[in-house]
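Okay, so here's the structure we're looking at.
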Amino acid sequence: MNKITRRKFIATASLATGFALAVQPISAQVITTDRQGLVAGAVKIPVQDGELPAYRALPATGDNFPVVLVIQEIFGVHEHIQDICRRFAKLGYLAIAPELFVRQGDVTKLSSIDEIRPIVAKVPDAQVFSDLDATVNWAKKSGKGNIDRLAITGFCWGGRITWLYAGHNPNVKAGVAWYGRLVGDKTEVTPQHPVDIASTLKVPVLGLYGGKDTGIPLNTVEQMREGLKSSSSKSEIIVYPDAPHAFFADYRPSYRETEAKDGWERLQAWFKQHGA
């Protein structure tokens, strides 16, 4: 995708049909959610400069479903993220995961994290917010989603975006951020980080973090907690003392079943508590 014009891009990337190459081999604990009773698969989200590939899952019958945006890790919308969408659909949600790196490249086909990082680093936050706004609009126009009950959750890279999109869109009812980075350098691509918006956040976000996450120091988690104290959002942060980074990723060795299941239960309760 080297010849992208400002006016139009062609989404040549398609959604992954398996797991991202960079995170092979797959853990024996991988969770697989079937499609029974669901409508699940790829869709295209109209955006200003083209169409965005996305994966969506929802119950096969009914309408007016609460909507949850599922935000990818750096590995793209591969099988794990698609499975999470199906888990939400089994709970009665319209869940949708847009491929947010599509203009920069298809990361699911890359075999090294070192190849992926430079691509992800080029993705502007403003582009992500615009794409998520378009995704919400798609959910509304689908006739199946109730965006008055809008939620967001994301993992790693998507955890950071969850905090920031909750700051961008006050119509979000609730967010759950899984081990998303909280601090960082301010650049043209990433002008703000979660700690910068903590005190002004209005949307309730639940942060789920690992005490043994080598990439997210606990002092930054405490910094975020301190900032949230002066916000009106009633956000909370839970730290699992023995959990590493990516403890929810059941397809990776970092998976911790006890903490992952507890976090999933907390997510469901958090969404219900705040009307999502």
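Going left to right, the sequence shown walks through residues -22 to -1, 1 to 254 as mature numbering (1 follows the signal peptide of the UniProt record, and there is no 0) numbers them.
All C-beta atoms, glycine included, are put in the ideal place defined by N, C-alpha and C.
- In chain order, P182 place their CB closer than 6 Å to the CB of K212, counting only its own chain and leaving out the 5 sequence neighbours on each side.
- Under DSSP, L30 shares a beta bridge with I23.
- The beta carbon of D191 lies closer than 7 Å to those of Y157, P222, H223 in the same chain, with the five residues before and after it left out.
- For the 7 Å CB-CB criterion, V46 and L(-8) do not form a contact.
- For F43, the uninterrupted beta strand (DSSP E) run begins and ends at 43 to 49, by DSSP.
- By the Cβ neighbour-count rule, K151 is buried, with 16 or more other Cβ atoms within 10 Å of its own.
- Contact between V101 and I74 does not hold, since their C-beta atoms are separated by about 18 Å, which reaches or exceeds 8 Å.
- The way I'd put it, the stretch 24 to 35 does touch the stretch 106 to 114; three or more beta-carbon pairs between them come closer than 8 Å.
- Take A238, set aside five residues on each side of it, and the residues of its chain with a beta-carbon closer than 8 Å to its own are F225, F226, D228, in chain order.
- Here S5 has D228, Y229, R230, P231, Y233 as same chain residues with Cβ atoms under 7 Å from its own Cβ, once five neighbours each way along the sequence are excluded.
- DSSP places D163 in the coil class of the three-state scheme, outside both helix and strand.
- For V183, the secondary structure class from DSSP, reduced to helix, strand or coil, is strand.
- Relative to the Cα of R34, the nearest Cα in the group N42, G40, K22 belongs to K22.
- Linking E200 to R159 through their CA atoms gives a straight-line distance of about 13 Å.
- Under the three-state reduction of DSSP output, N197 falls in the helix class.
- A Cβ-Cβ distance of about 12 Å is found for the pair A112 and I125, leaving them out of contact under the 8 Å criterion.
- The three-state reading of DSSP puts V85 in helix, counting H, G and I together.
- Under the three-state reduction of DSSP output, F133 falls in the strand class.
- The residue among A104, A18, F43 with its C-alpha nearest the C-alpha of V167 is A104.
- Distance from the CA of A176 to the CA of Q246, rounded to the nearest whole angstrom, comes to 23 Å.
- Annotated three-state conformation of Y218 is strand, per DSSP.
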